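Novice: Below you will find the structure I want to go over with you.
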Amino acid sequence: MRRRVWCYAGTMLLASGLAGFAPFQAQAEGLWDRVKDVYHMPETMDRLEERLSETIRQSEEAAEQFRETQSMLMEENEALRRTNESLEARLLAAEATIADQRAAATRWTRLLATAAALLLLYFALARLLRFFVWRREHHAAKDGSA
Numbered sequence: 009m010r011r012r013v014w015c016y017a018g019t020m021l022l023a024s025g026l027a028g029f030a031p032f033q034a035q036a037e038g039l040w041d042r043v044k045d046v047y048h049m050p051e052t053m054d055r056l057e058e059r060l061s062e063t064i065r066q067s068e069e070a071a072e073q074f075r076e077t078q079s080m081l082m083e084e085n086e087a088l089r090r091t092n093e094s095l096e097a098r099l100l101a102a103e104a105t106i107a108d109q110r111a112a113a114t115r116w117t118r119l120l121a122t123a124a125a126l127l128l129l130y131f132a133l134a135r136l137l138r139f140f141v142w143r144r145e146h147h148a149a150k151d152g153s154a
């Protein structure tokens, strides 16, 4: 039981100590200097600070490269979109031309088939007419000669 009380008291003391640091955000600017003084590690902190500044510089460069690449890709995308639209228009025009050519070919095919059928019908009727004329003359010649 006493052990719990001491743990609770220690936790409260630690929490109140940490809570005391929170309002001093104005002093956070000198945080690196205070850490150097407390831990007596100026060289390590200087190296860490240099690494941090180098990392920040590299991330800014990477962000700039990203923005440049993004703008370049957006321009490329826009150019490809315009090309796609023009190709779609050409495709529609070509499809319309092909449809017109097919319609014309169908008309000519039907016209020629109709002409051929009429020509065949003409020859068939001419043959039938000759046959009937021959038959009448043949019967008339038989009846007149008998």
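If you're matching positions, the sequence shown starts at 9 in our numbering and goes up one per residue.
All C-beta atoms, glycine included, are put in the ideal place defined by N, C-alpha and C.
None of these values were measured; they are calculated from a predicted model.
Return the CA-CA distance between E83 and A121, expressed in angstroms with no decimal places.
Specialist: Distance between the alpha carbons of E83 and A121: 56 Å.
Novice: Rounded to a whole number of angstroms, what is the C-alpha to C-alpha distance between A87 and I64?
Specialist: C-alpha separation (whole angstroms): 34 Å.
Novice: What's the gap between the Cα of F131 and the Cα of A102?
Specialist: Each residue's alpha carbon lies about 43 Å from the other.
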